[in-house]
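S.K.: So the sequence shown is numbered by the UniProt record's numbering: it starts at 1 and just counts up by one.
For every residue, glycine included, the Cβ atom is placed at its ideal position computed from N, Cα and C.
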Amino acid sequence: MQKRAETVADNADPATSMIKTNPATFIIAPHQQLSVRGDVSSQFLSAVLMALPLLPAAQPKVMIKVDGELISKPYIDLTISLMARFGVQVEREGWQRFTLAAGSSYQAPGHLAVEGDASSASYFLAAGAIGGGPLRVTGVGAESSQGDIGFANVLTRMGANVMMGPDWIEVSGATHSPCRFKAIDMDFNLIPDAAMTVAVLALFAEGTSTLRNIASWRVKETDRLAAMATELRKLGATVDAGTDFLRITPPATLTAGAEINTEHAKQHTKLHVPVIAIDGPTASGKGTVAQQVAKRLGFDYLDSGALYRLLALASMRRQLAVEDVAALTRLARELHVVFRDGYVKLDGANVSDEIRAEAIGNRASEIATHASVRQALIARQRAFRTLPGLVADGRDMAQRDARDIQRANAPLKPAEDAKVFDTSSLCADQVTDQILEWFAALSIPMFHAQTHYTSKFMSDLQTSTSAPLTESFAALFAESLTRQDMRAGEVISAEVVRFDHNFVVVNAGLKSEAYIALEEFLNDHGELEAQVGDFVSVAIDALENGYGDTVLSRDKAKRLASWLSLEKALDDSALVTGTITGKVKGGLTVMVNGIRAFLPGSLIDTRPVKDTTPYEGTTTEFRVIKLDRKRNNVVLSRRAVIEASQGEERAKLLETLQEGAVVEGVVKNITDYGAFVDLGGIDGLLHITDIAWRRVRHPSEALTVGQTITAKILKFDQEKNRVSLGVKQLGGDPWEGIARRYPSSTRLFGKVTNITDYGAFVEVESGIEGLVHVSEMDWTNKNVAPGKAVQLGDEVEVMVLEIDEERRRISLGMKQCKPNPWDDFSRNYKKGDKLSGAIKSITDFGVFIGLPGAIDGLVHLSDLSWNESAEEAVRKFKKGDEVEAIVLGIDVEKERISLGIKQLEGDPFNNYTAMNDKGSIVQGTVKSVDAKGAIVTLAIEVEAYLRASELGRERVEDARTVLKEGDAVDAMIINIDRKTRSINLSVKAKEAGIQPDANQTQRDNSSAASGTTNLGALLKAKLDSQNQ
1 MQKRAETVAD
11 NADPATSMIK
21 TNPATFIIAP
31 HQQLSVRGDV
41 SSQFLSAVLM
51 ALPLLPAAQP
61 KVMIKVDGEL
71 ISKPYIDLTI
81 SLMARFGVQV
91 EREGWQRFTL
101 AAGSSYQAPG
111 HLAVEGDASS
121 ASYFLAAGAI
131 GGGPLRVTGV
141 GAESSQGDIG
151 FANVLTRMGA
161 NVMMGPDWIE
171 VSGATHSPCR
181 FKAIDMDFNL
191 IPDAAMTVAV
201 LALFAEGTST
211 LRNIASWRVK
221 ETDRLAAMAT
231 ELRKLGATVD
241 AGTDFLRITP
251 PATLTAGAEI
261 NTEHAKQHTK
271 LHVPVIAIDG
281 PTASGKGTVA
291 QQVAKRLGFD
301 YLDSGALYRL
311 LALASMRRQL
321 AVEDVAALTR
331 LARELHVVFR
341 DGYVKLDGAN
351 VSDEIRAEAI
361 GNRASEIATH
371 ASVRQALIAR
381 QRAFRTLPGL
391 VADGRDMAQR
401 DARDIQRANA
411 PLKPAEDAKV
421 FDTSSLCADQ
431 VTDQILEWFA
441 ALSIPMFHAQ
451 THYTSKFMSD
461 LQTSTSAPLT
471 ESFAALFAES
481 LTRQDMRAGE
491 VISAEVVRFD
501 HNFVVVNAGL
511 KSEAYIALEE
521 FLNDHGELEA
531 QVGDFVSVAI
541 DALENGYGDT
551 VLSRDKAKRL
561 ASWLSLEKAL
571 DDSALVTGTI
581 TGKVKGGLTV
591 MVNGIRAFLP
601 GSLIDTRPVK
611 DTTPYEGTTT
621 EFRVIKLDRK
631 RNNVVLSRRA
641 VIEASQGEER
651 AKLLETLQEG
661 AVVEGVVKNI
671 TDYGAFVDLG
681 GIDGLLHITD
691 IAWRRVRHPS
701 EALTVGQTIT
711 AKILKFDQEK
721 NRVSLGVKQL
731 GGDPWEGIAR
741 RYPSSTRLFG
751 KVTNITDYGA
761 FVEVESGIEG
771 LVHVSEMDWT
781 NKNVAPGKAV
791 QLGDEVEVMV
801 LEIDEERRRI
811 SLGMKQCKPN
821 PWDDFSRNYK
831 KGDKLSGAIK
841 SITDFGVFIG
851 LPGAIDGLVH
861 LSDLSWNESA
871 EEAVRKFKKG
881 DEVEAIVLGI
891 DVEKERISLG
901 IKQLEGDPFN
911 NYTAMNDKGS
921 IVQGTVKSVD
931 AKGAIVTLAI
941 EVEAYLRASE
951 LGRERVEDAR
961 TVLKEGDAVD
971 AMIINIDRKT
981 RSINLSVKAK
991 EAGIQPDANQ
1001 TQRDNSSAAS
1011 GTTNLGALLK
1021 AKLDSQNQ
């Protein structure tokens, strides 16, 4: 079918033009601009975009302006992508303007693969996840251009295991809990169709799930949001349905045998949700009738009068005064109530009986006098309207309500179109039948109740219904072209009226004031950026959130403004100012008016940047090179700004630069390793080591940003456009001839410029520093902490120890300028001198004694005692004891002094052996005995060894058979070893009168220890007894 259309302009203003169709014409005026609502459905925009290329080829360029925030953006992406496949290019400016070039027309694309529907695939994927899977859907996958492919990501967030290929998706059950998913709170603006499947998954989640930004559900072929809420409740779920959100709490067990109405999707937009409001005098039975009507129709039931009683009860529990209208109004908006199965619940508790108390009724009557409270509760009543319909039971029309009949807000009067029934002679069941018969006669399409009706009436019972909605899709489209009122996503101006604790209350001229969190009005320094009376920009989150409240956002308004300014900067190639906030993989993050952007490492500067730390925290200009608001992606370039600023001057400068030239420049940036100097179109690097001949700890010590300096070009790489500069090279090299100026052992004064763990650097003249190693600081303390010995800036005397002119190194010493205590000691003490001192420390190898000159001498363990073991001898000493010792040796070069304590006394071994040589008969006492022999004490600190084989002429196998501890022994000394300080004895040699053989005693000595012997008659008696 072919049609032509005629475009007409209202007052010749293209911005307000609209399309009218008729059988004759369809013509677009030159430079035509169309307006389409984006916050209702993306289908409006897709339809217009796809229709325009079907117009005659001579049609002019057409621009489409989107009013409000565009929803379901992935669908528009898909539309534009497919149109491009058919040869039609659509230019878009963000998501607010779309342009088709003049004469656009479709061309056959050749081969075209058509994907499966991602929305439909979501049903099977959800079923597979609920059932545990695995389940695979083919025909749509990771390479899909459909927005609803994002459903796979939602499944992953809810805990399902999802795998994807180019054209397939496979899902299995929840990984964190068998047959249960994680609850989710998510904005579904981009995938509203798939969100309906998520609502079903929420029945199997652990906790409450919230689906946000789904207001478009309400303007489909039916009110899908209300329909979903109705059917989920049948399955036992607790559902809170707002203007643009659905909050679902799953039941412990799904209701078995629930009858789910799948006809909602077949209804058309001409249907409203039917509401039957029933009111009448006290005791007229209206409550019973209302509940029966709701049950027969399958509608939800609302005791609207109970809302006032519930508010009264809640206010009493919170101890709110009846006169506190503001607090009561807020409470009315936040009241959490549920009507189900004949029960009324407040904050989750059943209060069906409690609200019927007389005190509650009286308080409800008082509360109802406040207009703002009534408005809040009226909004709450409207929020209960859900498919397939609602039956509301009104307040009693008794004498106490006479005053309410005259009030301006929701007067307690029958509606003009109310149906009045005479119920004088009817029971409740008959009244119910009468109402159902009347309702069926209204011919509301969604009404399908199969009931039997009677024809009786009752008086004083009024019933009113909402008029059926007869709008068609065309009517909604026409409205989208002309509607100019405020809607969700729009940025408006609001006045700050007051501050309420942690909220800022603003008035935007809407149905109610809005409460916005205080932190949304704080700047980066935590300071409040608005005062009472100020007008600020805010974004509309919801004109009505289901509780009568208008929801506004200051942050969203600022963020939207920031995005628009970035989009404009991209379109106009304008610069933006931002602050570099941190480092990420591949580059840096930049905050531009609250929007987080990415600065790739390759676009930071015209040269490669290895260390990005100096850039962090700086504020500078950037160019926007890429922007995708849908993906929250902004890419910036600093290099583009630098390159644009250099221009022709840089090219001219490059031609004149040469190594060795002296140039002037301005310090542009300072880093830890140097400074970048702007030479007029190109930057040169002045490395920290080329700033001065002296030590420079940081370039900021010698340079400041903006300072003009003179430098020499050390190196110029024309291919890479890199220039290396030097300042110290402008003067002479102070290291030349330094060895002649400071021969070894020269003493001079210098200034401490740096302190390290291994020593201190001392500047002896400008540009010349030497190292005083920690070992050259003090004669006696080898591990002195350099920071305790000297301080930065101290003037100290040093001696030149060594100069390496080629490596530019000087070794200095501080201790060499002080007396050497080791030389002093060697002059005052000689070997053999006695001295005394306190024990400084005791180690595993000896005892250190403090000596004059703050030096130490060592008494080795072997020099503590002549006879005691080292372990025994050292136990007699402790730190701090004053002891005497003899100087055994002095080594000044090695700084060592050896001392002895045992040498203070004569040697008892030498004294005894001088008196008793080999062959001497000696007496002793058995100290200890074993099978092989005995140790015999001969004198104080002198012991000898008597082997078992030397006990007598008769062979003795075990010395213990003839000896025991304490026995007296007479024996002959048969061997003395002064080197090992050992003596060997023999009873056998004594009795035989044999003089010891020198060679034999030496062999015996190799396997025996020291000892002495004298057995006498005891041994003889022992041997005689054995022979007998």
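Just the Cα atoms here: how many angstroms apart are E93 and F44?
M.R.: For E93 and F44, the distance between alpha carbons rounds to 18 angstroms.
S.K.: Confirm, please, whether the CB-CB distance from L985 to V929 is below 8 angstroms.
M.R.: No, these two residues do not count as a Cβ contact at 8 angstroms.
S.K.: Which partner residues of E664 appear in the DSSP bridge assignment?
M.R.: Paired residue(s): T710.
S.K.: Just grab the DSSP bridge partners of R37 for me.
M.R.: DSSP output for R37 lists D67 as bridge partner(s).
S.K.: Can you tell me the Cα-Cα spacing of D794 and R722, whole angstroms?
M.R.: Distance between the alpha carbons of D794 and R722 is about 40 angstroms.
S.K.: Given a cut-off of 8 angstroms, decide if R638 and T620 are closer than it, judged by their beta-carbon atoms.
M.R.: In contact: T620 and R638 (Cβ atoms closer than 8 angstroms).
S.K.: Quick one: using the 10 Å Cβ neighbour count with 16 as the cut-off for buried, is M158 buried or exposed?
M.R.: Buried: at least 16 other Cβ atoms inside 10 Å.
S.K.: Tell me whether D733 is buried or exposed, calling it buried when 16 or more other Cβ atoms sit within 10 Å of its Cβ.
M.R.: When all chains shown are included, D733 counts as exposed.
S.K.: Can you tell me whether L254 is buried or exposed? The criterion is at least 16 other CB atoms within 10 Å of its CB, across all chains shown.
M.R.: Counting Cβ neighbours within 10 Å, L254 comes out exposed, since fewer than 16 surround it.
S.K.: Grab me the residues of F384's own chain with a C-beta within less than 7 angstroms of its C-beta, minus the 5 sequence neighbours each way, in chain order.
M.R.: So the qualifying residues of the chain are D300, L302, L390.
S.K.: With the cut-off set at 8 angstroms, would you say A428 and V289 are in Cβ contact?
M.R.: Yes, the pair counts as a contact, with Cβ atoms nearer than the cut-off.
S.K.: Under the rule that 16 or more other beta-carbon atoms within 10 Å means buried, what is F188, buried or exposed?
M.R.: Buried, by the Cβ-count rule.
S.K.: Keeping to the same chain, check which residues put their C-beta closer than 8 angstroms to that of I604; ignore five residues upstream and five downstream.
M.R.: Excluding sequence neighbours, I604 sits near G587, L588, T612, Y615, R638, R639.
S.K.: Note down the Cα distance separating T79 from F86, rounded to an integer number of angstroms.
M.R.: Each residue's alpha carbon lies about 11 angstroms from the other.
S.K.: Considering only the alpha carbon of each residue, which of V325, A597, V338 lies closest to A371?
M.R.: Looking at the Cα atoms, V325 is the closest of the given residues.
S.K.: From R978 to Y912, what does the alpha carbon distance come to, in whole angstroms?
M.R.: Whole-angstrom Cα-Cα distance: 11 angstroms.
S.K.: When DSSP labels each residue in this structure, what does V874 get in the three-state scheme?
M.R.: Note: V874 maps to helix in three-state DSSP.
S.K.: On the DSSP bridge list, what partners appear for D185?
M.R.: BP columns for D185 point to T210.
S.K.: Around the Cβ of E231, are there at least 16 other Cβ atoms within 10 angstroms (buried) or fewer (exposed)?
M.R.: When all chains shown are included, E231 counts as buried.
S.K.: With a CB to CB cut of under 6 angstroms and the five nearest residues on each side skipped, what residues in its chain are close to L34?
M.R.: Answer for L34: I64, listed in chain order.
S.K.: Run through the DSSP bridge pairs and tell me what F245 is partnered with.
M.R.: F245 is bridged to R212.
S.K.: What do you reckon, are the CB atoms on A129 and V171 nearer than 8 angstroms?
M.R.: Cβ distance < 8 angstroms, so A129 and V171 count as in contact.
S.K.: Taking just the CA atoms, how far does F622 sit from T577?
M.R.: If you take the alpha carbons of T577 and F622, they lie about 6 angstroms apart.
S.K.: Skipping 5 residues on each side, what residues in its chain have a beta carbon closer than 6 angstroms to that of L714?
M.R.: Contacts found: S724, G726.
S.K.: Specify the secondary structure class of T1001 as computed by DSSP and reduced to three states.
M.R.: Residue placement at T1001 cannot be trusted, given a pLDDT of 43 that sits under 50; the coordinates are not used to answer.
S.K.: Check whether the Cβ atoms of S700 and I670 sit closer than 8 angstroms, and answer yes or no.
M.R.: It is a contact, given that the beta carbons lie within the stated cut-off.
S.K.: Could you tell me if L54 is buried or exposed, where buried requires 16 or more neighbouring beta carbons within 10 angstroms of its beta carbon?
M.R.: Exposed is the call here.
S.K.: In chain order, what residues of the same chain lie with their CB nearer than 6 angstroms to the CB of Q1002, ignoring the 5 residues before and after it?
M.R.: The predicted position of Q1002 is uncertain, since its pLDDT is 43 and thus under 50; no value can be drawn from it.
S.K.: Of the choices A226, N632, K751, W822, whose alpha-carbon is the least far from that of Q791?
M.R.: Of the listed residues, the one whose Cα sits closest to Q791 is K751.
S.K.: Helix or strand or just coil, what does DSSP make of M196?
M.R.: Correct three-state label for M196: helix.
S.K.: What does the Cβ neighbour count give for S315, buried or exposed, with the cut at 16 atoms within 10 Å?
M.R.: With 16 or more Cβ atoms within 10 Å of its Cβ, S315 is classed as buried.
S.K.: Out of curiosity, what's the CA-to-CA distance linking R629 and L575?
M.R.: Cα to Cα, R629 sits roughly 18 angstroms from L575.
S.K.: Quick check: the Cα distance between A675 and I691, rounded to an integer number of angstroms?
M.R.: Between A675 and I691, the C-alpha separation is close to 9 angstroms.
S.K.: If you count every other CB in all the chains shown that lies within 10 Å of the CB of Q146, and 16 or more means buried, which is it?
M.R.: It is buried - the Cβ of Q146 has at least 16 other Cβ atoms within 10 Å.
S.K.: Check each candidate in S104, A711, L703, G933 and name the one with the smallest Cα separation from P60.
M.R.: Of S104, A711, L703, G933, the residue nearest in Cα terms is S104.
S.K.: Which residue's Cα is closest to the Cα of V592: L771, T579, P600, V114?
M.R.: Among L771, T579, P600, V114, the Cα nearest to that of V592 is on T579.
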